[in-house]
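If you read the sequence shown in this note's numbering, its first letter stands for residue 4, the second for the next number, and so on. For reference, the structure discussed in these notes is given below.
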Amino acid sequence: MFTGIVEKLGMVITIERRNGGGAIRIDGGWDLTEIRLGDSICVNG
Numbered sequence: 004m005f006t007g008i009v010e011k012l013g014m015v016i017t018i019e020r021r022n023g024g025g026a027i028r029i030d031g032g033w034d035l036t037e038i039r040l041g042d043s044i045c046v047n048g
């Protein structure tokens, strides 16, 4: 069973309800300049 690779840990900054859904803002100190359309990012927990 593959359990994943943890590269960074973040902290939840805000949780908001929006139009029947929601938004969670997480601060992980990531360098977002290298993220490109189509990259895979997973948040678990």
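Glycine included, each C-beta is placed from N, C-alpha and C at the ideal position. Owing to the predicted nature of the structure, the values given are computational and were not obtained by experimental measurement.
Inset, instruction - Going by DSSP, name the residue or residues bridged to glycine 24. - result: For the purposes of this step, residue 24 is identified with residue 21 of the sequence shown, where counting begins at 1. According to DSSP, which records beta bridges pairwise, glycine 24 is partnered with Arg21.
Legend entry - Of the listed residues Cys45, Gly41, Ile16, Gly7, nearest to isoleucine 29 (C-alpha basis): The sequence position of residue 29 within the sequence shown is 26, counting from 1. For the residues Cys45, Gly41, Ile16, Gly7, the minimum Cα distance to isoleucine 29 belongs to Ile16.
Inset, instruction - Below 6 Å CB to CB, which residues in the same chain sit around isoleucine 18 once its five sequence neighbours on both sides are set aside? - result: Here residue 18 refers to the residue found at position 15 when the sequence shown is read from its first residue. Answer for isoleucine 18: Ile27, listed in chain order.
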